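Chains as they are written, first to last, in UniProt numbering: chain A, 1 to 485; chain B, 1 to 485.
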């Protein structure tokens with residue numbers, strides 16, 4: 001951390017002004033950005049506030065910064081490149097900036113959470129940290145020896161972890177596979193990135209369900225893919241649901257190259273595709289020759305029932321690319337996921353991964369391999385299911401108490417989320433803003449591709465004792481918005 | 001691991017034939033691929049060899065496999081999709097396969113190393129594992145508590161690691177920066193990937209030196225970038241070197257958007273750009289408004305002299321994107337690197353990184369933060385320099401003993417590599433093949449963009465007692481090739 005030099009001949013305020021000028025010129029503080037308040041900067045640099053007042057006035061005189069009452073001191077929003085000495089036109093390297101970041105309401109939720117840590121978080125699709133097996137992982141860290149693990153890895157990932165995953169898939173998910181068909185990835189995210197960028201080409205069309213968490217990802221836009229919204233089922237006159245007969249036609253007509261699904265405890269709806277639906281879908285897509293990408297992070301969370309089987313377990317001809325992960329059952333920060341696919345696909349994606357990051361760090365791979373091979377893993381999953389069930393029930397109770405006339409929902413039997421339909425038409429933006437004002441965040445339905453009128457609550461994320469208060473605050477926000485014309 | 005079921009009514013050989021058929025159909029064994037030998041498979045499945053003979057003959061009868069004397073048993077190389085039931089045309093997803101993997105002689109080296117672990121490795125640009133501080137890292141693993149670290153990370157990387165890196169850069173590299181201008185990456189590789197894909201666009205031209213390790217990366221081709229070969233210096237009539245006066249013109253004419261450099265102990269040449277050259281280059285590129293990407297993994301390895309300063313330490317206007325890493329000084333398997341750039345650039349690349357893999361695993365970040373903040377880091381660097389110097393001298397001694405009439409080289413004062421010029425014209429392919437036959441690998445000069453007649457030896461990688469033998473084997477190979485017409 002830079003501090004002014006009291007032994008220097010130049011006065012402190014000049015040193016500080018020079019330093020900030022330097023930071024502006026070098027792009028540390030880009031045009032329009034907010035500088036620290038005088039008080040805060042004085043504290044940080046260990047000088048009197050009056051020194052900062054002088055330094056800022058110097059910079060104002062140079063036209064580098066401007067202060068307005070109530071909006072603080074900002075770098076002059078002169079356009080890029082016109083600041084003296086700033087010769088690199090960085091803005092040309094920042095276009096297009098929008099393809100890679102979340103937008104709209106999703107960004108609004110993220111920014112709100114960053115600004116205010118006290119918000120009750122019913123929005124982020126992740127486990128509360130108290131649901132991660134921290135003690136067990138610490139234990140494994142202690143007994144490890146990292147002797148062999150510090151060089152560049154096997155492109156597919158550590159053989160020990162791949163063997164552990166192969167056993168895990170066989171015993172837990174009824175998926176028969178082998179080490180050579182498994183690629184270790186940095187979570188589900190990287191597996192999807194690899195598929196979108198290295199198996200598909202810009203202009204290709206993919207199909208996803210509506211609603212689906214896939215809509216929340218800038219991934220597809222970044223890869224230049226077209227998205228076809230797919231309606232998987234329809235109800236016939238006898239009230240039975242079946243795969244839409246139009247689906248075959250629609251997939252063909254739109255030249256769909258790949259179908260992205262999340263069949264078990266879908267995010268956001270919590271729905272589980274029935275065995276019949278799964279088999280019908282495999283038949284249909286095999287007939288068309290379209291591979292399926294199955295993301296399956298939730299199947300092992302089944303609260304009370306048997307864990308639902310992945311599509312992949314019925315895939316006899318290798319038409320499903322299966323993606324699993326520890327992020328939603330163990331710890332997202334480990335960044336351990338896996339992809340199962342025909343060998344040539346795995347090999348190509350492994351080469352692409354070498355290009356991107358030269359493989360996963362060896363430490364989390366070793367810890368993950370030990371953990372999922374140990375008895376602790378089953379014990380942890382058992383505990384996790386009980387806790388998730390308990391938190392789900394707290395959420396349902398609170399919804400029934402505060403919102404019974406206003407929302408409808410299906411009770412999820414696994415996963416981290418509950419999907420609500422609102423009985424009244426409200427503006428999502430207004431509702432979210434009001435909720436933030438009340439101290440709670442949720443994820444609006446449009447983030448998942450649904451028109452307004454829906455939203456997702458995540459019961460896994462908030463502290464247990466905050467769920468009811470969060471719902472109460474949300475109810476207050478909803479009432480306020482409904483009463484405002 | 002699948003095994004036939006002895007209680008099943010179906011005979012063992014039929015179960016095995018069915019299982020292999022399934023694996024062929026699902027793409028586990030793609031067309032043309034080699035099946036395990038009868039003996040090996042019998043061992044693996046715990047059956048008699050005659051059972052496998054029967055199973056294979058069954059598959060041959062179905063036309064699924066074919067055996068030829070001397071070349072083993074292979075899956076019938078029928079084209080994709082014509083194997084019964086195989087409905088997904090995976091080949092259409094495998095194009096273009098070549099843009100992501102190393103090619104030519106580099107691939108030849110890699111394949112040779114994979115096939116024969118006993119080869120003396122003077123080729124791979126990495127530390128021998130005995131140069132990594134394994135005991136210290138194990139120690140840090142033991143005392144860690146991962147309480148807070150298991151959720152999704154800050155997009156820029158752990159604040160603790162970024163602070164440690166900022167201090168490190170200030171004290172070791174004379175680079176002034178702050179947490180907010182640092183992005184933690186999965187090594188140098190990911191930093192370069194992010195720049196190529198998210199700051200540049202397909203069709204853009206970049207400039208690199210000739211020779212340079214950048215030529216060995218499929219990175220630029222994958223990102224659709226054009227590469228301009230740059231000659232940095234020329235010698236004037238007084239024998240003084242200076243930046244080529246044509247360079248300004250050439251960079252402008254070719255609309256170069258970014259310059260990629262490795263100024264300290266360059267890979268492969270080991271050269272250090274002089275202070276004057278560095279300042280001249282900064283002036284020139286700032287005048288043109290072209291940013292520089294500086295990769296600097298080796299500067300702290302300076303064997304005896306003071307560590308050379310990075311370009312970035314003289315960069316007063318933020319025109320250098322600086323990339324550092326622990327891969328060449330601590331351990332490649334940690335996958336810890338960092339990128340320093342103006343704040344807006346760092347933020348954009350951080351968003352892109354979220355898209356690619358949702359950030360680095362928390363475990364290696366925490367271990368790296370502890371290690372580089374500790375006294376052990378300096379002690380380790382001191383030891384590393386001594387060992388590298390010792391290994392360099394062993395290499396030089398052996399070269400003088402066995403090859404003094406045949407090669408010329410500059411003595412590197414840091415880094416992992418030594419760059420040789422051959423006095424005679426030989427075919428690189430023949431030389432490499434002969435060297436592999438003799439039991440040693442090196443990296444041919446064309447991998448680094450140089451016409452034939454050069455090669456790189458890495459002294460950091462082989463075991464200390466193998467260096468002399470490796471050179472002896474190489475000398476034998478070179479003599480053999482020179483004597484062959």
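Note that beta-carbon positions come from the ideal geometry of N, C-alpha and C, so glycine has one too. Keep in mind it's a predicted model, so treat the numbers as computed, not measured.
Query, Result
"Is residue 289 (chain A) close to chain B? Criterion is C-beta to C-beta, closer than 9 Å.", "yes"
"Rounded to the nearest angstrom, what separates residue 218 (chain A) and residue 260 (chain A) at their Cα positions?", "15 Å"
"Would you please state the rounded distance, in angstroms, between the beta carbons of residue 207 (chain B) and residue 182 (chain B)? I believe it to be under 8 Å.", "About 25 Å; that fails the 8 Å criterion."
"Pull out every residue of the region 359-377 of chain A whose Cβ sits closer than 8 Å to any Cβ of chain B, in chain order.", "359, 360, 361, 362, 363, 364 and 367"
"So residue 153 (chain B) contacts chain A; which residues on that side make the cut at Cβ distance below 7 Å?", "333"
"Across which residues does DSSP place residue 193 (chain B) in a beta bridge pair?", "For residue 193 (chain B), which the question treats as bridged, DSSP gives no partner whatsoever."
"Counting only Cβ pairs nearer than 7 Å, list the residues of chain A close to residue 90 (chain B).", "342, 344 and 345"
"Going by CA-CA distance only, name the one from B:420, B:327 and B:314 that's closest to residue 277 (chain B).", "B:314"
"What are the complete beta strand (DSSP E) segments, minimum 3 residues, inside the region 272-309 of chain A?", "292-295"
"Span of the beta strand (DSSP E) holding residue 110 (chain B)?", "No beta strand (DSSP E) holds residue 110 (chain B); the alpha helix (DSSP H) holding it covers 104-115."
"Which residues mark the beginning and the end of the alpha helix (DSSP H) in which residue 476 (chain B) is found?", "467-483"
"Can you check the UniProt domain \"HTH gntR-type\" (10-78) of chain B for any alpha helix (DSSP H) of at least 4 residues that lies completely inside it and give the ranges in chain order?", "12-25, 38-45 and 49-61"
"Does chain A have any CB closer than 9 Å to the CB of residue 121 (chain B)?", "no"
"Answer with yes or no whether the minimum CB distance from residue 214 (chain A) to chain B is below 9 Å.", "no"
"Which bits of chain A does residue 198 (chain B) rub up against, with CB to CB less than 7 Å?", "100"
"For a cutoff of 9 Å on Cβ pairs, would you count residue 269 (chain A) as touching chain B?", "no"
"Comparing the C-beta of residue 13 (chain A) with each C-beta of chain B, is any distance below 9 Å?", "no"
"Grab the span of the alpha helix (DSSP H) containing residue 390 (chain A) for me, first residue to last.", "375-403"
"Name the two residues that bound the continuous alpha helix (DSSP H) containing residue 245 (chain A).", "245-253"
"Does the Cβ of residue 92 (chain A) have 16 or more other Cβ atoms within 10 Å, making it buried, or fewer, making it exposed?", "exposed"
"Could you list which residues in chain B have their beta carbon closer than 8 Å to that of residue 219 (chain A), in chain order?", "355"
"Per DSSP, which residues does residue 325 (chain B) bridge with? Please list them.", "B:337"
"List, in chain order, every chain B residue whose beta-carbon is nearer than 7 Å to that of residue 2 (chain A).", "176"
"Can you look up residue 457 (chain A) in the DSSP assignment and give me helix, strand or coil?", "strand"
"Please report the Cβ distance between residue 128 (chain A) and residue 461 (chain A), rounded to the nearest whole angstrom; I am assuming they are in contact, meaning their Cβ atoms lie under 8 Å.", "6 Å"
"Relative to the C-alpha of residue 304 (chain A), which candidate in A:268, A:24, A:392 and A:90 has its C-alpha closest?", "A:392"
"With DSSP as the reference, please indicate the residues paired to residue 205 (chain B) in a beta bridge.", "B:226 and B:256"
"Cβ atoms of residue 330 (chain A) and residue 121 (chain A): under 9 Å apart, would you say?", "no"
"Can you give the Cα-Cα distance for residue 250 (chain A) and residue 428 (chain B), rounded to whole angstroms?", "55 Å"
"In angstroms, rounded to a whole number, what distance separates the CA positions of residue 19 (chain A) and residue 198 (chain B)?", "30 Å"
"Taking 9 Å as the threshold (beta carbon to beta carbon), is residue 162 (chain A) in contact with chain B?", "no"
"Considering only DSSP beta bridges, list what residue 443 (chain B) is partnered with.", "B:456"
"Taking just the CA atoms, how far does residue 163 (chain A) sit from residue 363 (chain B)?", "21 Å"
"Taking only beta-carbon positions, decide if residue 48 (chain A) is within less than 9 Å of chain B.", "no"
"Would residue 20 (chain A) count as contacting chain B if we go by Cβ distances under 9 Å?", "no"
"Please check if any C-beta of chain B sits within less than 9 Å of the C-beta of residue 82 (chain A).", "Any answer about residue 82 (chain A) is weak, because its pLDDT of 49 lies below 50 and its placement is not dependable; what the coordinates show is given next. For residue 82 (chain A), the answer is no, since every Cβ of chain B falls outside 9 Å of its Cβ."
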